[in-house]
Every structure is written in C-alpha cells, then in structure tokens.
Amino acid sequence: MRRFVDLVVANTKITFRNWQSLFWMLAFPIIIMTMLGIVFGGGGTTKVKLGLTDYDRSKVSESVVNAFEKIDSFIVYRGARKTELNKLKDGKLDAVIVIEKGFGSAVSGQLERRQKQIISKLLISQNPLLKADNIKVQKARIKLYYDPAQTFTSQMVRSTIRSIIAGMEKQMSQTPSLIAVTEKRQAAAGLDFIDFLLPGIIGMSIMSTGIFGLSTVMVSYREQGILRRLKITPLPLSYFIGSQVVVSVIRALIQTVVLILFAKVCFGVQIIGNLFYLAVTVMVGAICFITIGFLVASFSNRVETADTIGNIITMPMMFLSGIFFPIENAPKWIQPIIKMLPLKFLADALRDIAVKGKSLDQVAINLYILLAITAVVFIMVLKLFRWEVKAS
Amino acid sequence: MSIIKVDDLLKKYGSLTAVDKISFEVKKGEIFGILGPNGAGKTTTLEMIEGLRQPDGGSIQIDNNAVWPNPKKVKRIIGVQLQSTSLFDYLRVAEIIKLFASFYSIKLSKEKLNLILEDVSLTNKAKAYVNELSGGQQQRLSIALALVNEPKVVFLDEPTTGLDPQARRSLWDVIKRINKEGKAVVLTTHYMEEAQVLCKRIAIMDKAKIIDLDTPANLIKKLEADSKLSFSCKPKLEEAKIKGIKGVTSVQSVDHSYMVYSSNIQKAVSDILKLAKEKDAVIEDIHISGANLEDVFLNMTGRALRD
Chain A
1 MRRFVDLVVA NTKITFRNWQ SLFWMLAFPI IIMTMLGIVF GGGGTTKVKL
51 GLTDYDRSKV SESVVNAFEK IDSFIVYRGA RKTELNKLKD GKLDAVIVIE
101 KGFGSAVSGQ LERRQKQIIS KLLISQNPLL KADNIKVQKA RIKLYYDPAQ
151 TFTSQMVRST IRSIIAGMEK QMSQTPSLIA VTEKRQAAAG LDFIDFLLPG
201 IIGMSIMSTG IFGLSTVMVS YREQGILRRL KITPLPLSYF IGSQVVVSVI
251 RALIQTVVLI LFAKVCFGVQ IIGNLFYLAV TVMVGAICFI TIGFLVASFS
301 NRVETADTIG NIITMPMMFL SGIFFPIENA PKWIQPIIKM LPLKFLADAL
351 RDIAVKGKSL DQVAINLYIL LAITAVVFIM VLKLFRWEVK AS
Chain B
1001 MSIIKVDDLL KKYGSLTAVD KISFEVKKGE IFGILGPNGA GKTTTLEMIE
1051 GLRQPDGGSI QIDNNAVWPN PKKVKRIIGV QLQSTSLFDY LRVAEIIKLF
1101 ASFYSIKLSK EKLNLILEDV SLTNKAKAYV NELSGGQQQR LSIALALVNE
1151 PKVVFLDEPT TGLDPQARRS LWDVIKRINK EGKAVVLTTH YMEEAQVLCK
1201 RIAIMDKAKI IDLDTPANLI KKLEADSKLS FSCKPKLEEA KIKGIKGVTS
1251 VQSVDHSYMV YSSNIQKAVS DILKLAKEKD AVIEDIHISG ANLEDVFLNM
1301 TGRALRD
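Residue numbers (this note's numbering), protein chains in the order written: chain A, 1 to 392; chain B, 1001 to 1307.
Now the structure itself:
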C-alpha cells in the first residue's frame, strides 16, 4: 500500500510539474469555453431576435408574449405574419412565433378538463428555406418559423415556449395570476448557452486528458525503456498501472472543479445538481477514457502515432456528441453513429445532473453504457498491451 | 565463491542464434567484463541473467537461486542499469532515488540517501530535475537506482557508451567505489581500455560465443606477438612479402595502412624499410607498441571491435 501511495504521489508531481500537460488539462478547455461562451452565449451581445404575431389576442396569449418580452436573451418585435416572415427571410430575425386564434381558450379549456399533460407534436413544412414546427397544445397552436441552419436558436425558442406554457398551466391551476407565472419560469426557460456548454466542455476535457494523457505517457515510458526498468524491480506492474489510473481520475476531478468555478465566476452559471452525483459520473467517464487511452497505447509504438490515433478518436466525438451545440437535428443517417459515442453518454449524463438536477438513477443507463464500453475495451487492452517495444 | 553461474545459455531469435550455449562464472566481489563488438550478444546475455529475457536453453544461478523460470526471487539481490534508459522527467534526483527504493519496500533514511548520492558523485545535484542532468550525470543516477536495494551484484550495460572521456573516467571511479564496498559488478563494454582498467576478468564475446575468458594480463600474454608495428605506405607493399619476414606472426592492411605483429620487431622494421626502398615507396607514421587488449581481440576475431 505504501508503495502504491508513493507512486501516486510521484505521478501527481510528474503531472503537475509539466506545464504543457497543465495547459491541455486546464487552460485549453477554459479557452474553448470562453470563446464559445462569448461568441454564442455572451451576455446580451447576441440576443435572439424574435418576431411575434398574436392572432389570438386573449389574456393567455398576451401573457405568453409578455413572458418572451421579459426574457433577457430575446428581443421581441411584433407585427403581421407576412412582414415578420419576410424579415426572417432577410436574416433580420432569428425566429418567428405565430400564436393562432383559439390558443387562449384551448389552454383554459384544457385546464378546466384538468388535463395536466401537454402534448407537443412537430409538423415539418415542405418549404426548403424555412422550417415550420407546429407546437400543439390540444387544439391551441403556436407556430414557430426558423432558419434550419440556426439549430441552437430554434432549440432555445422551442424549449422556452414549452416551459412558458408548462409553467402557465401549473400556475393557472393554483392561482389566476398569469403574469407572475411566466416571470417565475423564465430563468429555467431561457436555457443559457453556457449552461448547455459547461457539462460538454467538462466531458471533452475528461476525454482528452484520459485518452491523450494516458496514451502518450505510456508510449513514451515504453519507448524510453522506463517500463522495462520497472520490470527489474519487485514492484508489480499492476501497481504502476493502478497509480496511473488513480492520478488520471484525480486529474479529471480537478478539471471539473476548476471548470465549474470558472464558469460560475465568469459566466454566472448555476449548478443546481448534486455534486456527489456529478463526481461519480466524472469518475465513471474518466475510467472509460483512460481505458481507451490504454488501447491507443497498445496500438502505438511511438508517441506521434498515439497522438494521431488519439486525434482520430477524439475529433469526431467532439463534434458529434453534442457538446458545443445540440445534435438532435442532425441528419438521420448519422444518428446511429452518434448513439455509439462514449462522449455523448458522458456529456448527456453530466448535463442532466449539473444543469437539470437529475439524480444518478435517472442517468444510470448512461453510466452502465460507459461501464460496458470500459469492460469491452479493457479486455482488448489485456490482449493487446505490450510492455516493450517490438523487436529486439 | 561464485555469485553467478551460467551454464549452456542459449537464446535464439528465429533462425538467428543470439547467444550460443555459453558458460561462465562470476566470483563474489569481482568486476567481470563482457567485451565484444555490437551484436555479439552481450546485452542479450545480460538481460537473461537479469530476468528480463527468457533463455531458450541452459541455466543461470545467482547466489544459488535459479533465475528462471521465476526471476522474481533474484530481483531483490541484483541491481541493474540498462543500456540507455531515460528516467521520469519532472522528478528531482533525490525524489526518484527514494521512489525506486520504495519499489523494494525500502524507506531510505537521509544518511543512506546521502551515501548513495556520494557513491555516484551526485550530492550537489540532489534537488536537480532529471532532465537538467548531463549525459554522464544521468548515467550515474541510473547506477544510483541500481544501488537502492543494496544488491549483491550490479549489472551495468555499456555504462560509458556515448560519454566524453572525462565523464567516462569519473564513471570508472564510481564503478571502482561500488566494487570496493564488496559488490560484484558485471559490465559490458566495447571499449578495450575500459575493460583493461576496470575488470578483474574478461569474457571476450563474438558472434554469440565466448571466445576467451581470462584476466586482462593473461589474455595479452597469450597473444604470441609481443609487439605491434603500424605504418602507412604509398604505393602499397605486398602483404605476402611482409609475412615472409622472420618473426612476423600476422599482417593486417586497410588501404595504405598496415599492422604487423612480430616477435622480432627490430628485424621487422629493417626488412620493411628495405622492401619500401626496393619499391621506391614512402613510409609514414611508423609506430611501435606493446600489445593491448584491442590487439588480443583483433588477433582472435580478425576484426576491430567497433566495426
């Protein structure tokens, strides 16, 4: 045990005295987060310009409009359907919402029938330039027009509409004050980009330090003969590997803490989830990517090879796992691939816990999938890992 | 009396025989050298003794423990410096020595650490990072790591290769000091001078076999030619005519340079000068010397050590 602790201490020193590894571990994710945060989510500079047409003119529809007007990240312009749609085509607006006649009575009618569930259904129009989603609330209709290229904007508007309506429904059944309702819900409604981004960035950092940190270190130790040198001592090599894993997990936890603190101080992100759940998820993810790192090391004779293989694995995952932007709207053919990426399971679980406040039970399926991937990769590593450079 | 016993040791890589049934013993407290050119099988031999490479035949015993099939037992009584190992960057000299001691479940006391540092002349580098050390200092650190477990025998694989002459000499002092503490040392080298200065006995290895094993002095004595005459000559002289001179035992020539071994050096010189005069050839760089280990090797294998 003492030997193991000594090794962990030594490995920790090696990690934290290496400025280059510290850069990739901490500075790089912070830079990415800051850049994306400023470009896409930054405080007020990139507000969503929303056109609003209210054909219903009821108390309910008015409160929906009010709700949007009160949310910081929206600038609401009101006008007729045609003028607003033309502005959207010219790129002067990001999205247009049309509240159809009968919306208010439908919502109230629904409440009277004490129906708590809101069914929403998406109908996609044939217009190639613009997409139109029908969000059905019983018979009540809100139509959302948006530029299909603006994936994030549409996501944001849609989730906002849903939360406003959900909030109204809840509140209306208790108190008649509609305006109070919408105000209360607006924080959760305007799912800030940075809230969305932070868990993804944490996942990305765990992935790259797991895969690159581990594989390049193991390959260079093998290449330099350090692993052979250890073989001469009575130290079981499993101790050495174990200490590497422990240090990598510690590293992932430190990354998580630093990134959360940074996002909190600089972007005002609120972590509403349980920190213990978050730590468990981080550890499961870290172990999964460390094992993948060993697999990369098994295939690489030189550090350069490990770097290349690492990039081949991490690059597609970074862009397809929905860490920088939502990927629900990605083409159908690519969805099965997305559903196999470990980073997606990790990032989703982190997001569910950190931002949406879910419990471990609710993300258990993601954790089990990560552990299953770990087990499969571990068996491959046992078969493929080499302690010595090939050839004598 | 012997600390290491090697019998009929065999190692094959496919159709290539790297070590061909060699046998030798290393006595307690001696410095034993394995001398030979690159590819002779020195490193493979050493690595089989250290428990790193499994032999295809024969047996090895260290301090009456069989190394194979389970080398775990001997790990605690040997210290090893591998050929060109780098060590963990970002650790300090003292830290890395303590770390390696912990691999043997040894907690080094301050005094013991200082003794080891003194042994390898790194006392003033205790706080330096590994990557700040010179080549010679790294090599000495590598030897220090071989000493942490107080081994009975220390293996050094080409410890001075790639070092400048000054660093080489200071490493020789380190090796002698370790030996004086009673530890046996087995070292490989392709430097004749090194083997001659350090080793009590030397095994000369070439092409997977030990071609001779003796003390440096005896090896030289065995060489019949007691003197060497080297010179260069333009145009070339006929080798057969030189060989015909009385007392000449061997002649080697590369381009215009000649090396002649003779028991009668005076006759050899005068006859060669005569031959040159007949041919109107110019002789330069005449040099006469007593035989050394390099000559022993050349004589036995017909090739220079570093080719």
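Where a beta carbon is used, it is the ideal one built from N, C-alpha and C, also for glycine. Owing to the predicted nature of the structure, the values given are computational and were not obtained by experimental measurement.
The alpha-carbon of asparagine 1124(B) is positioned some 29 Å away from that of glycine 1029(B). Where alanine 95(A) is concerned, the enclosing beta strand (DSSP E) starts and stops at 95–99. If you keep only unbroken beta strand (DSSP E) runs of at least 3 residues inside the stretch 1243–1273 of chain B, you get 1248–1254, 1257–1262. The residue from Glu84(A), Tyr55(A), Ser159(A) with its alpha-carbon nearest to that of glutamate 100(A) is Tyr55(A). Think of a sphere of 7 Å around the beta carbon of tyrosine 1090(B): the chain A residues whose beta carbon falls inside it are Lys13, Ile14, Arg17, Asn18, in chain order. Between isoleucine 338(A) and lysine 344(A), the CB-CB gap stays under 7 Å. Below the 8 Å Cβ cutoff, chain A contributes Ile232 as neighbours of glutamate 1050(B), in chain order. Counting other Cβ atoms within 10 Å of its Cβ, valine 1282(B) stays below 16 and is therefore classed as exposed. According to the DSSP secondary-structure assignment, methionine 380(A) is paired through a beta bridge with no residue. Within 9 Å of the CB of isoleucine 226(A), the CB atoms of chain B belong to Thr1085, Ser1086, Leu1087, Phe1088, in sequence order along the chain. Approximately 5 Å separates the beta-carbon atoms of glycine 273(A) and glycine 357(A); this is inside 8 Å, confirming the contact. The alpha-carbon separation between valine 296(A) and isoleucine 309(A) amounts to approximately 7 Å. Interface with chain A (7 Å Cβ-Cβ cutoff): phenylalanine 1103(B) is included. Residues Leu1108, Val1148 of the same chain have their beta carbon placed closer than 6 Å to that of alanine 1101(B), with the five preceding and five following residues left out of the count.
Looking at the backbone, the Cα of arginine 386(A) and that of serine 1250(B) are separated by about 50 Å. Tyrosine 1191(B) carries a coil assignment under DSSP once its states are collapsed to helix, strand and coil. Comparing alpha carbon positions, the residue from Lys1072(B), Ala1268(B), Asn1064(B), Glu1095(B) closest to glycine 1247(B) is Ala1268(B). The beta-carbon of leucine 343(A) is placed no less than 7 Å from the nearest beta-carbon of chain B. Glycine 91(A) is classed as exposed because its beta carbon has fewer than 16 other beta carbons within 10 Å across all chains shown. Counting C-beta atoms within 10 angstroms of its own C-beta, threonine 83(A) has fewer than 16 neighbours from the protein chains shown and is therefore classed as exposed.
When C-beta distances to chain A are compared with 8 Å, the residues of the stretch 1023–1048 of chain B below that value are Thr1044, in chain order.
Taken in chain order, the whole beta strand (DSSP E) runs of length 3 or more contained in the stretch 1128–1213 of chain B are 1153–1157, 1184–1189, 1201–1206.
Boundaries of the alpha helix (DSSP H) around lysine 82(A): 81–89. For glycine 1057(B), the enclosing beta strand (DSSP E) stretches over residues 1057–1062. Chain A places a beta carbon closer than 7 Å to that of lysine 1075(B), counting this residue as a contact. Under a criterion of Cβ atoms nearer than 9 Å, no residue of chain A is adjacent to glutamate 1150(B); the nearest Cβ is some 14 Å distant. Contact between the stretch 212–223 of chain A and the stretch 287–301 of chain A is present: three or more C-beta pairs spanning the two stretches fall below 8 Å.
Annotation: aspartate 1063(B) to serine 1142(B) spans about 24 Å, alpha carbon to alpha carbon. Here DSSP, grouped into helix, strand and coil, assigns arginine 302(A) to coil. At least one CB of chain B lies nearer than 7 Å to the CB of alanine 10(A). Below 8 Å, too few C-beta pairs join the stretch 1053–1067 of chain B and the stretch 196–212 of chain A to call them touching: fewer than three. Spatial neighbours of leucine 1145(B) in its own chain (CB-CB distance under 6 Å, excluding positions within 5 residues in sequence) are listed in chain order as Phe1100. Within a 10 Å sphere around the beta-carbon of asparagine 1299(B) sit 16 or more other beta-carbons, which makes this residue buried.
With a threshold of 7 Å between beta carbons, leucine 1237(B) makes no contact with chain A.
Arginine 229(A) has a beta carbon lying within less than 7 Å of a beta carbon in chain B. Interface flag for valine 1019(B) against chain A is unset, since no Cβ pair is found closer than 7 Å.
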